[in-house]
Structure formats: structure tokens, C-alpha cells
Amino acid sequence: MRISDQMRVRSLLYQLENHLDSVSKYQSQLSTGKRIEEPSDDAFGAGKALRYRHGIKMNEQHVRNAEDGMGRMQYSDGILQSITNLMNQAMSLAVAADNDTLTAADRQVIANEVDQLLEDLVSKANTQYNGKYLFGGFNDNAEAFTVTRDGQGLITAVSANPDGIDQEIKREIGVGLKETVNIGGTLLFQPDGEGAESDLFRKLITLRDGCINNDPDAIGPQIDAIQDGIDQISYHSSTLGAKVNFFQRQLEQLGMDAVNYTDSLSNVEDADLIETVMMYEQEQAAYEAALASGATIIQMSLINFMG
Amino acid sequence: MNNIFSLLEVGKRAVQTNRLQMQVIGHNIANADTEGYSRQRANQKAASAMDMPGLGQAGTGVMIQEITRARDILLDRQVRNEKSALGRWEGQDDLLNSIQNIFTEPSELGFGNVLDEFWSAWGDIANDPEDIGGRSVLRQRAVMLCQNLNDYDSDIKMLQENANAEVISLKNNLNQYAAQIADLNKKIQIAENSGQNANDLRDQRDLLLDNLSEIIKVKISDNNDGTVNIYLGGEIFIQGGEYRTLTTKLSSINGVVIDELVWDGTYNNVVVDGGRLKGIMQFRDVDAIDIRNRLDDFADTLVNNVNGLHQGGYGLNGSMGISFFRSDTTGAGGIEVNPNILNDLNNIAAGGSEAPGDNENALAIAALADAKLMNGGTQTLNEHYAATVSEVGARKESSGLYREQSEAVHLQMVNDRSAVSGVSLDEEMADLIKFQQSFNAAAILVSTANELMTTIINLGK
């Protein structure tokens, strides 16, 4: 085949450009550590990488939601614990007051102590968490329970916020997985409504008033009533404990998912360093060889040998 | 004429022939790097012989028969076919590359991340619906999301406009080439009418035909008078010394104003099925439109779903029925956060009721992140966006591959043609020495004839 001078130059330039293109491609992969630098490097892989990134991001959000919910539930659990302690003290006082040998003055002392417990219980019922009323449901910037007092300042009634405090506050802790993280105020303190048998405040008010009136007939039944109240709290406490465990397992699961997503993303997107280095060296050697041979061939001409 | 003078004549012819050969070689060497130049050859032959009665015929030396150029019409056709393919893929590939660069994916900086940040902001609001800080973060992210989509739309639109401007400028190039080719047709016809080979004129015309093929796929037919006819999709474009003018006509595709290539006079569309024009029009009329439609679908779905939930929810101030995104604009170019939200963060409807701690609506909007809202309920918004990026990547990937293939084939074709038509300096040098030797020998012949005459003249003294 005839070889014209333009052919030699054109072919050499084409080869050099191709090699240089590959060398700079691998060089760039090495410096970014990424196999897919733009969608056309692997169109399918680029789409997958985007979906994994979304998975990682949503996973982070679910972890944040779950941790937020956990914080709230663990705080609630502490409050339930102290309410149980409070009710246990009320129980002891009720047992003490139920003793026939006590005088009216003795019972008045116990009444004062019970009244203090009642004030404490109201304040627990209006506990704030992050500046919001913990048992206030959606209406968490108003007191969950308000009290009515008599002329001497004694609490005569405790009423739940009429706007409602039992709404379930939820956290999304997985795709499509929403879990309630609060306990409704009335469910906990007045499950059958204000003034009913199960009203925790009512139990203490009755005990206190029984002591003030020195009326053992009123005091006696409160021992069982307070025990029922303790059981009522313990039911919510164990439910909450189970929910906290569930959140912990979910957080572990989310942690594993995060690792899987990150691994998958890396598999799709990251360059295999060893392979890339090898390819880079190989292309560079080829480029240098093309340069060296090209530089020699392109200079050769009959003209150089003519006198 | 059988005497010493005929010997002198043979010598003179040989000197002239070899000098002309060296002139042709000189022309080749001078044009070794001229684009479109075909090497020329002076074909020499023995001059007509003289009858020598009783002896047969005696030669009368050498003469140049004609000067031809080395050219292969079949290779020209292959080169031009490949130029049309290469032009098409180069044009489309460059533009698709630009569109791909607009999407800075996959990375931490792309729109996918902006979208995820938007969902996360709703998630954070659900965790603390009364926190004004979280609402402020959501507002910033929503503004950025809209800005990104607006930018994508206007950037792609600008690429379309650039492509359209190039269609007009390529149309002007075609008209110029047509005028030049028609003019060369005339000159070649006149020159060859008088029996000459119009080598250099033909080279010029061939180069123009190459350039023409790069812009648009043409059919070329050679006429007996040395002229060529050019057809575009079956319609005559250039006929001998005459040509038709191309012009553009305003039209629109999906609301985008474009210029269509039409024949002047009839205003019928010109068939474009190859060349740079094809690639650019394919991008302008198909690729860019497809991608913009996908982004518009995405934006409209996002707006409708977020607004639908948002309007049913309550703001911190008890407001209801307010849309989160403006509801009077459409598409990726129009998406915008409702000024009512921008001006008052309390209008963000996180609640399903007026209760301030109600997070139901924020939870519902955050859950849109993984709701299958697109493509007939089979894709989430994020999946749709990822598929759009894949779509852009796949188009760029295939145009890039076609381009690389065309480049390789084109180089092969051009080299094949160059093997026939290109100048080899080695070859010219060797020929130069050959003809120089012949020239020297012929000069000695003349000198010998001269000596012979001197000898004869001296005989008479």
C-alpha cells in the first residue's frame, strides 16, 4: 500500500489522541476514586448510584427520627418511674391512715403529706420535654391538666385540656413504618374520664379528704384503689419498655442497612484502585511507546539521505 | 527528416518532457499538505514514429500525453458517507455531553441530594413541628430545589437555542457551498470542453463536496460534461451551474420555537438524514425535548402531591388551604415556592389539625419521598429522577460510541483515499532523481548532436 505523508501524520495523531484520552481517563479515576464520573461512564450504574444515595439519605433521616422518638420515650419512662414511686408512697400513707388507733390530728398530718403527693402528681402530669408538655398530645404548648382549688388552696379537681391530649405522636422509623412515641395524658391519668374510679388524681383527693375528715371508711377502699393505679401505670410502663426495645432493634437494623447501602454504592461507583492503577500504567506505557516510535518514523524521509 | 537535426529534435523533446515531469513533481511537493489536493501525474509516451522505407519505423522521442490526478470515485463516496455519519454523531454527542454536564451526577452536589434534603427537612419538622428553625431550613431547601429545576430547564433550553442558531448558520454554509460548487461546475465544464483535465478545479470541488457531506447527507451524480448534480433526499439541490437556495421557516415543538430547514420558494421541508445538521436537529427536536418533558413531569407531580397534602393541613397560625408551591405555574421552569410560605413560616402546614404539636401532615409529606407517584404508580420521584439521569447518560453513551466508531472508520477511509491520492515525498524524491537523470542524459544527447554538427561543418574546411 502506498503511504502518503498526510496518512503518516494523521494516523500518528489519531493513535496519540486515543492513548492520551485513555491515560487521562484513568488518571482522573485515580484522583477522584470514582469509576462513574459522569452518567455516560455507566448509565445504568449512575441510576443505581442515585438510588443508593437516596437510600442512605432516607436511612439517616429514619435514624434521626428513631433517636428523637427514643429520647422522648426514655424520658417518659423516667417520669412513669417517678409516678410509680409517688403512688407507692401514697400506698404506704393509705395503709398508715387505715390504722384505727390514729387520732384526727395524726390523720391531718398524713393528709398534708398526701396533698403534697397530689401536687407532685399534677406537676408530673404537666412535665415538659424540650419546652413542650409531655402528656399534652398535639396540644403540647398548653398545660395538659389544670386544677381547681377550694378556698384553702386545696386541689378539688384536675381536668384534662379540653382540646384533647391523647393524639398519637408518630415518628417514621423506616419506609412506611410509623410508630407512636407518646402516651396520651388521659389514657395514663384518667382512662375512664375525670372523677371516675380510675382517675389517679381522684384517688389521692379521696384519700386526702378521708384523712382530713378523719373518716376511716373512706380511707380503707383507697388502698386497693391506689394499687389499681400502680398497675395502670405499670401497664403503660411495660408497653413503653417494649416500644423502646423495638426502636433499639430498628436502629440496629437501620445501621446494618446503612452499611449495605454504602457498600452497594461503593461497588457501583468506586474505582477498583489496583485494576485502575494497572490499566493506567499500561496505557501510559502504550502512549510513551507511540510517542517514541512516532517521533522516529515521522522524521524519516528520503530527503535526509540525499546529498 | 532523417538527419542530425532529428537527433537534436529528439534531444530537445526529451529535455522538455523531463523538465515538465519535474514541474509536475514540484507541484506535488508544493501541495503535499494542501487539503483536498490529489497528486498529479504527467503521462508520457513515445512520440509518433517515422517511416523508414525498407527499415521499418524510427522513433522520434518522447512526449507528454496528459496530466491526470490520482483519484478513486468509489473511495470518495465512502469517505463522504462516513463524513455524514461522523458529522451527525459529533454534533449530537457534543450537545448531549453539555446536557450531561448540567446534571452534576452522580455526586454529593447533584439534584438528587437537593431532593433528599427537601424530604429530610419535612422529616425534621415532623420531629418538632413547632420549631421555627426547622421550618426555616425547609424554606431554604425548597427554594434551592426550585432554583435547581428552573436552572436545569433554562440551561437545556439554552442548549436548544444554541442548536437552533447553529442550524441557521449551517444553512448559510450550505448555500455558500452550493454557490461555489455551481460556479466550479461551470468552470470545469468550460475547461474540459477544450479537452483539458481541470485537475485543480476538480480538487477544489471535491473538497467542497466533502465539506458539504459533513453538514448534510447528499447524493452526488456525475454528468458527462464534468459537472455534478447534488440531491438532498431526492430533490435536486445543485444542477450544473444552477442551485436552489435553502432557507428556514419558524415552527414550534412542544412550545419551543425552532427554525425548520426548508426550500426557498416552496417552503417544503428539506429531508435531513445525515450530517452535522441531522445530529443537531436530533438533539434540538428529540433529546432536549424528551429530557425537558421528563423534568416537567417530575416538577408537576412533585407540586401536585405536595400541594395536595399541604392544602389539607394546618399551619402553626391555624391557616388552611395554602399551597406550598405556587399553583399557577407549571413545569420545571415554573416551579416556585408560594410567596405566602416564603413570607410567613407559620403557614407551613405540618399539622392535620389546628393543634400546634400535630405533625401528621409533615409525616405525610415526608413519606412522599418513597411513594410511587410517577410513571403510572411504579416509580418514586427519586427513582424517576435517577431514571432521567440514566436516560441522559445512556444517550450520551451511545452517541459517544457511534462517534468513536465513525472516527475510526472515517480515518480508515480517509487513509485509503490518501493512499491513492496523497503525496508521498519519498516517491516524489525518487521520481525527481529519475527525471533529473533523464534530463541530464537528454542534455548530453543535445550536446552530442551539437558536436556531430560541428564535426560535419569542420569537414568542409
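Chains as they are written, first to last, in my numbering: chain A, 26 to 332; chain B, 317 to 777.
The beta-carbon is built from N, C-alpha and C at its ideal position, and this holds for glycine as well.
Residues of the region 65-82 of chain A that bring their beta carbon within less than 7 Å of a beta carbon in chain B comprise 65, 68, 69, 71, 72, 74, 75, 76, 78, 79, 82, in sequence order. Exposure of residue 173 of chain A is indicated by the presence of fewer than 16 other C-beta atoms within 10 angstroms of its C-beta. Counting along the chain, residue 389 of chain B sits inside the alpha helix (DSSP H) bounded by residues 389-418. If you check each beta-carbon in the region 146-167 of chain A against every beta-carbon of chain B, the ones closer than 8 Å belong to 155, 157, 161, 162, 163, 164, 165, 166. For residue 369 of chain B, not one C-beta of chain A is nearer than 8 Å to its own C-beta.
The Cβ of residue 377 of chain B sits no closer than 8 Å to any Cβ of chain A. If the five residues before and after residue 648 of chain B are omitted, its C-beta is found closer than 8 Å to the C-beta atoms of 465, 466, 468, 469, 608, 611, 612, 614, 615, all from its own chain and listed in chain order.
Annotation for residue 568 of chain B: the continuous beta strand (DSSP E) segment containing it runs 562-569. Per DSSP, reduced to three states, the secondary structure at residue 373 of chain B is strand. If you keep only unbroken beta strand (DSSP E) runs of at least 3 residues inside the region 686-736 of chain B, you get 688-690. One finds nothing in chain A with a Cβ atom closer than 8 Å to the Cβ of residue 604 of chain B; even the nearest lies about 16 Å away. Pairing residue 497 of chain B with residue 521 of chain B gives a Cβ-Cβ distance under 8 Å. With a threshold of 16 other beta carbon atoms within 10 Å, residue 341 of chain B meets it and is buried. Under the DSSP assignment, residue 199 of chain A falls in the beta strand (DSSP E) whose first and last residues are 195-199. With contact defined as three or more Cβ pairs closer than 8 Å, the region 663-676 of chain B and the region 620-637 of chain B are in contact.
Within chain A, 64 have C-beta atoms less than 7 Å from the C-beta of residue 708 of chain B, given in sequence order.
Under DSSP, residue 592 of chain B takes part in no beta bridge, so it has no partner.
Interface flag for residue 547 of chain B against chain A is unset, since no Cβ pair is found closer than 8 Å.
The beta carbon of residue 597 of chain B sits closer than 7 Å to those of 483, 588, all from its chain and outside the five residues before and after it, given in chain order. Not a single CB atom of chain A sits nearer than 8 Å to the CB of residue 519 of chain B. Nearest CB-CB separation between residue 421 of chain B and chain A: below the 8 Å threshold. Non-local C-beta neighbours of residue 359 of chain B in its own chain, meaning closer than 8 Å and more than five positions away in sequence, comprise 380, 381, 382, 383, 384, ordered along the chain. When 9 Å is used as the limit between beta carbons, residue 718 of chain B is near no residue of chain A, the shortest such separation being about 12 Å. If you ignore the 5 residues before and after residue 309 of chain A, its C-beta comes within less than 6 Å of the C-beta of 48, all in its own chain and listed in chain order. When C-beta distances to chain B are compared with 8 Å, the residues of the region 190-204 of chain A below that value are 192, 194, 195, 196, 197, 200, 201, 203, in chain order. By a beta-carbon distance limit of 8 Å, residue 707 of chain B does not contact residue 71 of chain A. Their separation comes to about 10 Å. For residue 384 of chain B, the uninterrupted beta strand (DSSP E) run begins and ends at 378-385, by DSSP. Contacts with chain B at 8 Å (Cβ-Cβ) include residue 39 of chain A.
Close partners of residue 36 of chain A in chain B (Cβ separation under 8 Å): 727, 731.
For residue 243 of chain A, the enclosing alpha helix (DSSP H) covers residues 241-294. Residue 293 of chain A sits buried, since 16 or more C-beta atoms from the chains shown fall within 10 Å of its C-beta. Taking C-beta separations shorter than 7 Å and ignoring five residues to either side along the sequence, the partners of residue 45 of chain A in its chain run 312, following chain order.
At a cut-off of 8 Å, the C-beta of residue 339 of chain B has no neighbouring C-beta in chain A. Under the 8 Å criterion on CB atoms, residue 741 of chain B is classed as interfacial with respect to chain A. If you ignore the 5 residues before and after residue 428 of chain B, its C-beta comes within less than 8 Å of the C-beta of 421, 422, 698, 701, 702, 705, all in its own chain and listed in chain order.
Out of B:746, B:709, B:696, the CA that lies nearest to the CA of residue 79 of chain A is found in B:696.
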